Every structure is written in C-alpha cells, then in structure tokens.
C-alpha cells in the first residue's frame, strides 16, 4: 500500500494565508520518504518551510501566467476592436455607394437627343 501524505501544522506567521493551520505535503514528500535511511531526516519545521516555499513559487508562477494571459486577452480585444472599426467604416462606405446607385437608377433617363439623319439625294 502507498503511504498517505504527511499532514503538518503551519507556523503562526502563516495564519492569514492558511487559516485552517493544516496543510498536506505533496506526494513527493511522503512519510516513507522522510523515514527512509537513504534520506536525511528533515525536521517538521524544515518540511513546513519547504512546502511553503513550493507553494510560494507556485503562486508566483501562477500570478505571472495570469498576467501573460491577461496581456494576450487585451491584445486580442484590441485587435478585434480595430477590425470592428475598419468593418464599420467599410460598411458605411458601401451603404453610401448603394444609396448613390439607387439614386442614379431611380432618376429618369435623359431624353435621347434628336439626330439629324442625312437622306440620300441620289441613288447609285
């Protein structure tokens, strides 16, 4: 059977971050690993600090990732807004062209000019 993760108390300086004062150590620091003869036994305080350090690093990485994600979203939003603006301008232009075409088509055609035709005076 696989040993259960070790549960340890959090120092009082971490009360605001971890109000329940309990935290579970990740599977890489299981109880059997801490007790095996090949590993130097870590004090419970060292374990707590190691876990807190890992959590802090993970939080920093997550914060940076979230910032990158927000920046990508902002760039995408700006790109879409620019495309929207261009499409709205094109739409206005096309509507004006259509309106102009409709006006030109609805206007009565000009009367044809009367042409003078030459008549043949002689027959060949």
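Residue numbers (full-length UniProt numbering): 1 to 124.
From the three backbone atoms N, C-alpha and C, an ideal C-beta is built for every residue, glycine too.
The structure presented is a predicted model; accordingly, all values stated were derived computationally and were not measured.
May I have the straight-line CA-CA distance separating residue i from residue j, to the nearest angstrom?
{"i": "residue 46", "j": "residue 56", "result": "15 Å"}
{"i": "residue 108", "j": "residue 93", "result": "25 Å"}
{"i": "residue 116", "j": "residue 90", "result": "48 Å"}
{"i": "residue 64", "j": "residue 50", "result": "21 Å"}
{"i": "residue 54", "j": "residue 43", "result": "17 Å"}
{"i": "residue 58", "j": "residue 52", "result": "10 Å"}
{"i": "residue 48", "j": "residue 66", "result": "26 Å"}
Determine the extent of the alpha helix (DSSP H) in which residue i is found, giving its start and end residues.
{"i": "residue 57", "result": "44-106"}
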